[in-house]
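2 protein chains.
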Amino acid sequence: MNTTHTRILMAAALVCALALGTTVAQAEDALPSWNDGKTKQTIADFVKRATTPGSPDFVPVAERIAVFDNDGTLWSEQPMYFQLAFALDRVKALAPQHPEWKTTEPFASLLKGDVKGALAGGEPAIFQIVMATHAGMTTEEFEKIVRDWIAAAKHPKTGRLYTEMVYQPMLELLAYLRANSFKTFIVSGGGIEFMRPWTEKVYGIPPAQVIGSSIKTKFEMRDGKPVLMRLPEVDFIDDKAGKPVGIHKFIGQHPIAAFGNSDGDLQMLQWTAAGPDTRLMVLIHHTDAEHEWAYDRKSSIGRLDKALDEAQKRGWTVVDMKRDWKVIFPFAR
Amino acid sequence: MNTTHTRILMAAALVCALALGTTVAQAEDALPSWNDGKTKQTIADFVKRATTPGSPDFVPVAERIAVFDNDGTLWSEQPMYFQLAFALDRVKALAPQHPEWKTTEPFASLLKGDVKGALAGGEPAIFQIVMATHAGMTTEEFEKIVRDWIAAAKHPKTGRLYTEMVYQPMLELLAYLRANSFKTFIVSGGGIEFMRPWTEKVYGIPPAQVIGSSIKTKFEMRDGKPVLMRLPEVDFIDDKAGKPVGIHKFIGQHPIAAFGNSDGDLQMLQWTAAGPDTRLMVLIHHTDAEHEWAYDRKSSIGRLDKALDEAQKRGWTVVDMKRDWKVIFPFAR
Numbered sequence: 083m084n085t086t087h088t089r090i091l092m093a094a095a096l097v098c099a100l101a102l103g104t105t106v107a108q109a110e111d112a113l114p115s116w117n118d119g120k121t122k123q124t125i126a127d128f129v130k131r132a133t134t135p136g137s138p139d140f141v142p143v144a145e146r147i148a149v150f151d152n153d154g155t156l157w158s159e160q161p162m163y164f165q166l167a168f169a170l171d172r173v174k175a176l177a178p179q180h181p182e183w184k185t186t187e188p189f190a191s192l193l194k195g196d197v198k199g200a201l202a203g204g205e206p207a208i209f210q211i212v213m214a215t216h217a218g219m220t221t222e223e224f225e226k227i228v229r230d231w232i233a234a235a236k237h238p239k240t241g242r243l244y245t246e247m248v249y250q251p252m253l254e255l256l257a258y259l260r261a262n263s264f265k266t267f268i269v270s271g272g273g274i275e276f277m278r279p280w281t282e283k284v285y286g287i288p289p290a291q292v293i294g295s296s297i298k299t300k301f302e303m304r305d306g307k308p309v310l311m312r313l314p315e316v317d318f319i320d321d322k323a324g325k326p327v328g329i330h331k332f333i334g335q336h337p338i339a340a341f342g343n344s345d346g347d348l349q350m351l352q353w354t355a356a357g358p359d360t361r362l363m364v365l366i367h368h369t370d371a372e373h374e375w376a377y378d379r380k381s382s383i384g385r386l387d388k389a390l391d392e393a394q395k396r397g398w399t400v401v402d403m404k405r406d407w408k409v410i411f412p413f414a415r
Numbered sequence: 083m084n085t086t087h088t089r090i091l092m093a094a095a096l097v098c099a100l101a102l103g104t105t106v107a108q109a110e111d112a113l114p115s116w117n118d119g120k121t122k123q124t125i126a127d128f129v130k131r132a133t134t135p136g137s138p139d140f141v142p143v144a145e146r147i148a149v150f151d152n153d154g155t156l157w158s159e160q161p162m163y164f165q166l167a168f169a170l171d172r173v174k175a176l177a178p179q180h181p182e183w184k185t186t187e188p189f190a191s192l193l194k195g196d197v198k199g200a201l202a203g204g205e206p207a208i209f210q211i212v213m214a215t216h217a218g219m220t221t222e223e224f225e226k227i228v229r230d231w232i233a234a235a236k237h238p239k240t241g242r243l244y245t246e247m248v249y250q251p252m253l254e255l256l257a258y259l260r261a262n263s264f265k266t267f268i269v270s271g272g273g274i275e276f277m278r279p280w281t282e283k284v285y286g287i288p289p290a291q292v293i294g295s296s297i298k299t300k301f302e303m304r305d306g307k308p309v310l311m312r313l314p315e316v317d318f319i320d321d322k323a324g325k326p327v328g329i330h331k332f333i334g335q336h337p338i339a340a341f342g343n344s345d346g347d348l349q350m351l352q353w354t355a356a357g358p359d360t361r362l363m364v365l366i367h368h369t370d371a372e373h374e375w376a377y378d379r380k381s382s383i384g385r386l387d388k389a390l391d392e393a394q395k396r397g398w399t400v401v402d403m404k405r406d407w408k409v410i411f412p413f414a415r
């Protein structure tokens, strides 16, 4: 074969390989927002081991499952979980239809702008707020409400859309894993139907690969048209010991890589650590007060305490956001 | 470019296209076990419409979701659901550890070989049998029990492995849809963990694309190792009105194609019919008593009555197994 033939074939092979995504993407190119160092190297080594045919650590494509927490792992979670901001906005929007809220807690405090007072009621208060704002409509109606809110609502500190407050290094990591034939899943304590309307566009993760907490739905005929009504009843809490349960229920396979940032992710990481030999457990440690937030053991949101001890004890990878990331948000590039 | 160049490029393009699976597979080649006629044509037309760029019926790849019932749609379900045969075998295997079963129904009848007597207790009896055989172990232990059984147990009539009693035309249909970039899901009333250990090998459907009924699991540390214990408590019944709920929960998108065979699939087909404009609703009608079984409106297993009326009323596609299929089982080819 002459040189021209060879060039044509190589070009064709390259196009084909790019399209297939089976080329082993190199970490140096694929993770430009990660500083060189031990953390980036650990991730790159893991991917290389898992994807090198013939290596004793090789993992078949069907088993390349990576799971990611969402709040604090893929996007920010301060000064309050973004879904709580959504719920509070919904309380305001729905208030005219609920005159009784003016004198009923936690709504009364909320409507006076006293978020702290409203949340002083703890979990029961949050439960009431969530059910009042997340149930009582069809799944289609709720999806539209989420789409409209996420397209317009702005973060109180940055003034950015919430979907802009995702972590650039994690977007690169998601793409890098997928380029190496990993299937990426979200496993979040947040609401599954709060995430699904936008995760494909923002993270490249389709609805069927989003696992989260949920309320029950009920199939009904409404004017001859089938709908699913959202009921004010908890179906599943995908947090802490619920995360391995959710992974097993929705994925049915052991992940080989897990990424979290708080004690709510401890059991997900433990479950991953108990899986196949080639595996990677990662915690994102919020250390960059200048560009994002710095918090861990004493934070009421995203507390990282027991999981940090366990990571140190077991040699799991801890991402130090200030040290390991060049940039936090895509808009800051 | 000379002829040799062109040939090389065409060969490279073909390899690439095959690998990508983006060639529009032709029904004539892809469905050899389907007789030519209206049914095959309807399926082929639907796939062509959904995958032809520029067509008003074109469906983007991300929305090409096809859902399949399992019992009676992908494999046989007579003379009893295969999972029930599994449960009965498990009762026999576990009997030595349960001397009390000798005098307790429904176990006593079962152990005497009187299946009909045991099942006379109706749903509560079945519930007892399922819980006694499906709960009380880790998910890993249960998976091994299923794998061992499915690899060895033989069907009482054909003497074949249960996984050999899958429908050849449906295997072709699954592959044909996937070759046209559809994602294929099982949505079955059967147990999710009874199916997942073998669906990938038998149907090419990975665990995360299997939806079914489930019992609850609980995360626990056992000798320092995390396990999920299977509890004798129903988590979700993925049947009838539960099927749209399961589809929404696990997939989070409307299917555009649904395949069932009984009244248990009616709501799944209604839900699909209420989705995007390009859609296909199909019922498998068991009409071939010679090569499989013939049953519909009066069968206690896989009853097809209301759904058949609805199919006729709404113009859904009904596969007549005797008329539309050249062969039923792969081993009969």
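If you read the protein sequences in the order shown, they are chains X and L.
Heads up: take any position in the first sequence, counting from 1, add 82, and you land on this note's numbering.
Heads up: take any position in the second sequence, counting from 1, add 82, and you land on this note's numbering.
Where a beta carbon is used, it is the ideal one built from N, C-alpha and C, also for glycine.
Residue of the options minimising C-alpha distance to residue i
{"i": "residue 175 of chain L", "options": "L:130, L:222, L:235, L:159", "result": "L:235"}
{"i": "residue 338 of chain L", "options": "L:355, L:344, L:331, L:327", "result": "L:355"}
{"i": "residue 335 of chain X", "options": "L:162, L:396, L:288", "result": "L:288"}
{"i": "residue 279 of chain L", "options": "L:351, L:233, L:311", "result": "L:233"}
{"i": "residue 394 of chain X", "options": "X:202, X:351, X:255, X:199", "result": "X:351"}
{"i": "residue 384 of chain L", "options": "L:162, L:128, L:219", "result": "L:162"}
{"i": "residue 357 of chain X", "options": "X:224, X:330, X:284", "result": "X:330"}
{"i": "residue 324 of chain L", "options": "L:132, L:269, L:228, L:378", "result": "L:269"}
{"i": "residue 259 of chain L", "options": "L:241, L:285, L:281, L:239", "result": "L:285"}
{"i": "residue 231 of chain X", "options": "X:291, X:165, X:134", "result": "X:165"}
{"i": "residue 442 of chain L", "options": "L:317, L:404, L:205", "result": "This structure cannot settle anything about residue 442 of chain L, because the visible part of chain L is limited to 83 through 415."}
{"i": "residue 216 of chain L", "options": "L:173, L:118, L:239, L:373", "result": "L:173"}
{"i": "residue 225 of chain X", "options": "X:134, X:198, X:310, X:117", "result": "X:310"}
Start and end residues, alpha helix (DSSP H) containing residue i
{"i": "residue 286 of chain L", "result": "Counting along the chain, residue 286 of chain L falls outside any alpha helix (DSSP H), and DSSP gives it neither H nor E."}
{"i": "residue 228 of chain X", "result": "221-234"}
{"i": "residue 211 of chain L", "result": "204-216"}
{"i": "residue 124 of chain X", "result": "120-133"}
{"i": "residue 330 of chain X", "result": "324-332"}
{"i": "residue 166 of chain L", "result": "164-176"}
{"i": "residue 256 of chain L", "result": "250-261"}
{"i": "residue 389 of chain X", "result": "388-396"}
{"i": "residue 197 of chain X", "result": "197-201"}
{"i": "residue 355 of chain X", "result": "348-355"}
8 Å contact criterion, which residue i and residue j should meet: CB distance rounded
{"i": "residue 321 of chain X", "j": "residue 271 of chain X", "result": "4 Å"}
{"i": "residue 314 of chain X", "j": "residue 219 of chain X", "result": "Wrong, their Cβ atoms sit about 11 Å apart, outside the cutoff."}
{"i": "residue 203 of chain L", "j": "residue 187 of chain L", "result": "6 Å"}
{"i": "residue 261 of chain X", "j": "residue 112 of chain X", "result": "7 Å"}
{"i": "residue 363 of chain X", "j": "residue 407 of chain X", "result": "Residue 363 of chain X to residue 407 of chain X, Cβ: 19 Å. No contact."}
{"i": "residue 308 of chain L", "j": "residue 238 of chain X", "result": "Between residue 238 of chain X and residue 308 of chain L the Cβ distance is about 38 Å, and since that is not below 8 Å, they are no contact."}
CB of residue i within 8 Å of CB of residue j, strictly
{"i": "residue 179 of chain L", "j": "residue 409 of chain L", "result": "no"}
{"i": "residue 301 of chain L", "j": "residue 349 of chain X", "result": "yes"}
{"i": "residue 386 of chain X", "j": "residue 345 of chain X", "result": "yes"}
{"i": "residue 267 of chain X", "j": "residue 293 of chain X", "result": "yes"}
{"i": "residue 413 of chain X", "j": "residue 246 of chain X", "result": "yes"}
{"i": "residue 375 of chain L", "j": "residue 248 of chain L", "result": "no"}
{"i": "residue 121 of chain L", "j": "residue 343 of chain L", "result": "no"}
{"i": "residue 169 of chain L", "j": "residue 211 of chain L", "result": "yes"}
{"i": "residue 221 of chain X", "j": "residue 312 of chain X", "result": "yes"}
{"i": "residue 254 of chain X", "j": "residue 114 of chain X", "result": "yes"}
{"i": "residue 297 of chain L", "j": "residue 316 of chain L", "result": "yes"}
{"i": "residue 184 of chain X", "j": "residue 190 of chain X", "result": "yes"}
Segment limits, beta strand (DSSP E) that includes residue i
{"i": "residue 312 of chain X", "result": "307-318"}
{"i": "residue 191 of chain L", "result": "Run containing residue 191 of chain L: none in the beta strand (DSSP E); it sits in the alpha helix (DSSP H), 189-193."}
{"i": "residue 402 of chain X", "result": "399-402"}
{"i": "residue 362 of chain L", "result": "362-369"}
{"i": "residue 344 of chain X", "result": "Segment: none, residue 344 of chain X is in no beta strand (DSSP E) and carries neither H nor E."}
{"i": "residue 150 of chain L", "result": "147-150"}
{"i": "residue 185 of chain X", "result": "Residue 185 of chain X -> no beta strand (DSSP E), and no H or E assigned at all."}
{"i": "residue 408 of chain L", "result": "No beta strand (DSSP E) contains residue 408 of chain L, which DSSP labels as neither H nor E."}
{"i": "residue 265 of chain L", "result": "265-273"}
- Message: Quick check: the region 389-404 of chain L against the region 365-377 of chain L, are at least 3 beta-carbon pairs closer than 8 Å?
- Response: Yes, since at least three Cβ pairs between the region 365-377 of chain L and the region 389-404 of chain L fall closer than 8 Å, the two stretches touch.
- Task: For the region 189-196 of chain X and the region 134-151 of chain X, state whether three or more C-beta atom pairs, one from each stretch, are separated by less than 8 Å.
- Result: As far as the Cβ criterion goes, the region 189-196 of chain X does not touch the region 134-151 of chain X, which means the pair count is below three.
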